[in-house]
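All remarks here apply to the structure that follows.
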Amino acid sequence: MGLEQVTKALRNSLPSSNLYFEGEREYETLNGSYLSAMESDIRPAVIFRPESRKQVAKFVKVMKPFALGEHGEEATVQFAIRSGGQQPLPGVANIQGGITLDLGLLNSVELQKDGKQTTVSVGAGARWGAVYDRLEGTGLGVTGVRSASGGVGGLSLTGGVSFFSSREGFVCDNVLNYEVVLASGEIVNANEHENSDLWISLRGGGNNFGVVTRFDFRTFPQPGRFWGGSVFYFLSSWPYHVGALLSELRKKDAADPNAHVQLSIGYSSQFAQFACQSQLFYTGADANENMPDVIRPWADMHPQIEQLNSVRLMTLKEAVAEQPADAKGSVRYVIVSTNLPKYQKTNSPIRCAYMNVTVKADAPTLFEATEIFTSSLENVKSAPGLMSSLTFQPYSVNTLQQTARHGGNSLGLDPSDGPLINIMVSTYWQNKSDDAAILKYMNNATAYMRREAQRRNKLVPFVSMNHAWAHQDVIECYGEENKRALQETSMKFDPEGLFQRGVPGGFKLFN
Ligand SMILES: Cc1cc2nc3c(=O)[nH]c(=O)nc-3n(C[C@H](O)[C@H](O)[C@H](O)COP(=O)(O)OP(=O)(O)OC[C@H]3O[C@@H](n4cnc5c(N)ncnc54)[C@H](O)[C@@H]3O)c2cc1C
Numbered sequence: 001m002g003l004e005q006v007t008k009a010l011r012n013s014l015p016s017s018n019l020y021f022e023g024e025r026e027y028e029t030l031n032g033s034y035l036s037a038m039e040s041d042i043r044p045a046v047i048f049r050p051e052s053r054k055q056v057a058k059f060v061k062v063m064k065p066f067a068l069g070e071h072g073e074e075a076t077v078q079f080a081i082r083s084g085g086q087q088p089l090p091g092v093a094n095i096q097g098g099i100t101l102d103l104g105l106l107n108s109v110e111l112q113k114d115g116k117q118t119t120v121s122v123g124a125g126a127r128w129g130a131v132y133d134r135l136e137g138t139g140l141g142v143t144g145v146r147s148a149s150g151g152v153g154g155l156s157l158t159g160g161v162s163f164f165s166s167r168e169g170f171v172c173d174n175v176l177n178y179e180v181v182l183a184s185g186e187i188v189n190a191n192e193h194e195n196s197d198l199w200i201s202l203r204g205g206g207n208n209f210g211v212v213t214r215f216d217f218r219t220f221p222q223p224g225r226f227w228g229g230s231v232f233y234f235l236s237s238w239p240y241h242v243g244a245l246l247s248e249l250r251k252k253d254a255a256d257p258n259a260h261v262q263l264s265i266g267y268s269s270q271f272a273q274f275a276c277q278s279q280l281f282y283t284g285a286d287a288n289e290n291m292p293d294v295i296r297p298w299a300d301m302h303p304q305i306e307q308l309n310s311v312r313l314m315t316l317k318e319a320v321a322e323q324p325a326d327a328k329g330s331v332r333y334v335i336v337s338t339n340l341p342k343y344q345k346t347n348s349p350i351r352c353a354y355m356n357v358t359v360k361a362d363a364p365t366l367f368e369a370t371e372i373f374t375s376s377l378e379n380v381k382s383a384p385g386l387m388s389s390l391t392f393q394p395y396s397v398n399t400l401q402q403t404a405r406h407g408g409n410s411l412g413l414d415p416s417d418g419p420l421i422n423i424m425v426s427t428y429w430q431n432k433s434d435d436a437a438i439l440k441y442m443n444n445a446t447a448y449m450r451r452e453a454q455r456r457n458k459l460v461p462f463v464s465m466n467h468a469w470a471h472q473d474v475i476e477c478y479g480e481e482n483k484r485a486l487q488e489t490s491m492k493f494d495p496e497g498l499f500q501r502g503v504p505g506g507f508k509l510f511n
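In terms of UniProt numbering, the sequence shown opens at residue 1 and continues consecutively.
What follows is the structure, given as structure tokens:
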């Protein structure tokens, strides 16, 4: 009954060519295009793809009474908001039996000059590759992800780490303005001068306040090429690479703001082996043909799988091409597949999950996490298509200090706690029948890492929303004060709680 009414109301108000129903070919293509098959397993009744912010506003107005149950409890039909569909948590950007608002057609990318500052205005459904294409040859850079296919929308509402984050801060810290459709259907801007409480709340607050239709990002001079690439090696060299990262992050005169290093160990059931990757970047304007000293400790370290060393001068476009586009082409996959080129990619959909923990940059804590990761894997090692990895993503003190410089955010990270390491366990696998065992392995491993870090007094409450799983209370982890501020923003801009009750996916503010 509710669904019938909603469908009728949507058809009456919005172009029917932008509404896709179960069973239609376009519906199947769109619903099959999430990063993880676990998200594609969810079947909305209808997918709506707006072509303008006005259509988004109309959609919100039509949906509001149904999503809030104003037509009676049985008539409640909720909705989900999707941009890139790259966050793997099931139900975060899709909804069983409800309506999925897919922002993929809002994909414009425009440069705007305002005095000295050039901004790049990006439609919520664009991918980072399109943003980098637009910036090519302009001498400008932007804090986007390290993959061309990465979604802009979800990332810019949850934090996000870029090649440039050591110098420029988190991705969300670089959003100068969010254009938002509120629960009332009104379209507003949120920036330093207008609705500044909403602006700060959106910097980390996810889908709790409205549908963001456009993001205006700060750009910065990024002339020419920079140093980037990966070094691959085996587990025995991992302690050296971790030690080098900690030495750089804890340098007396501060870590180099132009250097960005991320370390991963991957395990593949196909090849029954561990392999490691250090991704290295030096993005200083002074980059020249000579490899900068700051990345030499990893780049020059031997033994390594020399034929896979890709560290070189590269453009932004080349840098993102290094990080393959989807789960099947993930970093973890590359570690093993480039080593064994005969391995053929399959077209079967891949299941995927991320969980994360944040700790101080402390060697015993990181080595303990490594031990937990490698030993916990035992129970699931033979699952078909399994690729599981442990990633150490640093938040340098300089990264953390950029938040205040750029106006603030909601993440609750304090530079005086830094440097920090976000530890992410990510897993890709083939069969639904392995879901429970794999999620149990990941949950147990990350819980154990948390406990051990806590025991050593090295745990930081922060959990990255972007890489979190359902049991992780992301909003609570931002701290009491930030949680309260987020709740106040919600009550001010969405007093009836449309984005709390009507959009159930994601990490909500009132539990
Ligand atoms: C190969 C690869 C490389 C990656 N590299 C990086 C990296 O370098 N750095 C990093 O930090 N992460 C990285 N990630 C993580 C990834 O970028 C994010 O998970 C992803 O970008 C999320 O954005 P999305 O637009 O796809 O979000 P979606 O999956 O579409 O949505 C995620 C959440 O945000 C909400 N949301 C999305 N858009 C809007 C909107 N417009 N308005 C309101 N709510 C919205 C949704 O409702 C949902 O709750 C990588 C992932 C992959 C697969």
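Ideal Cβ placement from N, Cα and C applies to all residues, glycine included. Note that this is a predicted model, so its numbers are computed, not measured.
Please classify TRP469: does DSSP put it in a helix, a strand, or coil?
The three-state reading of DSSP puts TRP469 in coil, since its state is none of H, G, I, E or B.
message = Can you determine whether any heavy atom of ligand 1 sits closer than 8 Å to the C-beta of ILE475, and answer yes or no?
response = no
Of all the options PHE48, ASP435, TYR478, which has the alpha carbon lying nearest to the alpha carbon of ARG11? PHE48
So is GLY115 buried or exposed if we call it buried at 16+ other beta carbons inside 10 Å?
exposed
Proximal residues to ASP41 (C-beta, below 8 Å), its chain only, five neighbours per side dropped: PRO90, LYS432.
### By C-beta, the residues closer than 5 Å to any heavy atom of ligand 1, given in chain order
Taking each Cβ in turn, the ones that pass are ILE81, ARG82, SER83, GLY84, GLY85, GLN86, GLN87, VAL92, ALA93, ALA124, VAL145, ARG146, SER147, GLY150, GLY151, GLY153, GLY154, LEU155, GLY160, VAL161, ASN207, VAL211, VAL212, ASN466, GLY506.
Checklist entry - Under the rule that 16 or more other beta-carbon atoms within 10 Å means buried, what is GLU110, buried or exposed? => result exposed
Exercise. What did DSSP end up calling ASP114 once you bin it into helix, strand or coil?
Worked result: When DSSP states are grouped into helix, strand and coil, ASP114 belongs to the strand group.
Exercise. How would you call GLU168, buried or exposed, if buried means at least 16 neighbouring beta carbons within 10 angstroms?
Worked result: buried
message: I'd like to know whether the C-beta atoms of TYR240 and ILE305 end up nearer to each other than 9 Å.
response: no
Specify, as a first and last residue, the run of the beta strand (DSSP E) that LYS508 falls within. No beta strand (DSSP E) holds LYS508; DSSP gives it neither H nor E.
In chain order, what residues of the same chain have a beta carbon less than 6 Å from the beta carbon of GLU452, not counting five sequence neighbours either side? GLU368
* Asked: So LEU249 packs on PRO419, CB below 8 Å; how close in whole Å?
  -> Right, their Cβ atoms sit about 4 Å apart.
Problem - Environment of ARG218 [buried if 16+ CB atoms lie within 10 Å] - result: Classification of ARG218: buried, given that the 10 Å Cβ count is 16 or more.
message = Counting C-beta neighbours from all protein chains within 10 Å, is the total for ALA272 16 or more, i.e. buried, or is it exposed?
response = exposed
Inset, instruction - Return yes when the Cβ of ILE423 is within less than 9 Å of the Cβ of SER356, no when it is not. - result: The identity of residue 356 in the sequence shown is Asn, whereas the question assumes Ser. Yes, they are a contact pair.
Review point. DSSP on TYR395, reduced to helix/strand/coil?
Key: Strand, per DSSP.
> Can you check whether the CB of ARG203 is closer than 9 Å to the CB of GLY412?
Replying inline: Annotated as distal: GLY412 and ARG203, with beta-carbon spacing of 9 Å or more.
Please determine, among VAL46, GLY151, LYS381, VAL122, the residue with the shortest C-alpha to C-alpha distance to TYR34.
-> GLY151
*Cβ-based burial, THR29 [other Cβ within 10 Å; buried from 16]*: THR29 sits exposed, since fewer than 16 C-beta atoms from the chains shown fall within 10 Å of its C-beta.
Would you report the Cα separation of THR338 and TRP227, rounded to the nearest angstrom?
Confidence at THR338 is low in this model, with a pLDDT of 41, below 50, so its placement is unreliable and no value can be given for it.
Q) Roughly how many whole angstroms lie between the Cα atoms of ILE421 and GLN401? A) 15 Å
- Query: Who are the near neighbours of PRO257 in its chain, counting only those whose CB is closer than 7 Å to its CB and skipping five residues on each side?
  - Reply: SER166, ARG167, ASN398
* **Rounded Cβ spacing between LEU101 and PHE79 (contact assumed at less than 8 Å)** => 6 Å
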